[in-house]
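Participant: In case it helps, the numbering used here puts the sequence shown at residues 2 to 144. The beta carbon of each residue, even a glycine, is placed where N, CA and C say it ideally should be.
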Amino acid sequence: MKPSQTYTIGELAREFDITTRSIRFYEDQGLIAPERQGQTRLYGNKDRVRLKLILRGKRLGFSLAETKRLFDLYDMENSSSRQLHTVLELIDDKKMSLKQQLEDIKVLLVELSNLEERCRDELAEINAQAAANQNPSSNQETL
């Protein structure tokens, strides 16, 4: 039987392009649980997979608390049915939140475009007045 693969904190940090401090933070949050040999942390495949899922979840907008909730469900149950229902709930919540953010962004873009148009109009008016003031002979009557 082949011994299971272990990783040091530095190896995982390099593989996932994160700091060792981040990995220790995830450990403090109970998301990963490496074995210890004295002062050395040894991470197994389970920790590596969890770290990958944590980072994927972050990219998708899931909080660490949401990720921990899923890990806890996985650890408690052999069946993945409850975990999948929870994932679906989290996805629905995330989609609703993103749709609201998208609507907010659309409104903000319209407001910014309106402000931009007003600024450009005002700037054109200022430039036109400045040009007229620089050429006073065209405004005077000839004798």
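Exposed or buried, which one is MET2 when buried takes at least 16 other CB atoms within 10 Å?
Facilitator: Reliability fails at MET2, whose pLDDT of 46 lies under 50, so the model's placement of it is uncertain and no value is given.
Participant: Provide the residue span of the beta strand (DSSP E) that contains THR7, from first to last.
Facilitator: Counting along the chain, THR7 falls outside any beta strand (DSSP E), and DSSP gives it neither H nor E.
Participant: Where SER81 and ASP48 are concerned, what is the direct C-alpha to C-alpha distance, given to the nearest angstrom?
Facilitator: If I take the Cα positions, the gap works out to 19 Å.
Participant: Alpha carbon to alpha carbon, how far is SER98 from GLY11? Give it in angstroms, no decimals.
Facilitator: In a straight line, the C-alpha of GLY11 is about 36 Å away from that of SER98.
Participant: Quick one: grab the DSSP three-state call for GLN38.
Facilitator: Reduced to three states, the DSSP call for GLN38 is strand.
Participant: When the Cα atoms are used, what is the spatial distance from GLY58 to SER23?
Facilitator: Taking the straight line joining both Cα atoms gives about 15 Å.
Participant: At which residue ranges does the region 15-70 contain complete beta strand (DSSP E) runs of 3 or more residues, listed in the order of the chain?
Facilitator: Taking only runs of at least 3 residues, the beta strand (DSSP E) segments lying wholly in the region 15-70 are 36-38 and 41-43.
Participant: Which residue's Cα is closest to the Cα of TYR8: GLY62, GLY31, THR41 and TYR27?
Facilitator: Closest by alpha carbon: THR41.
Participant: Inspect the CB distances between the region 52-70 and the region 103-116 and report whether three or more fall short of 8 Å.
Facilitator: In short, these stretches do not touch, since the Cβ pair count stays below three.
Participant: So is LEU32 buried or exposed if we call it buried at 16+ other beta carbons inside 10 Å?
Facilitator: Classification for LEU32: buried.
Participant: Have a look at LYS95, ARG119, PHE72 and ASP93 and flag the residue whose alpha-carbon is nearest the alpha-carbon of GLN84.
Facilitator: Measuring from the Cα of GLN84, the nearest candidate turns out to be PHE72.
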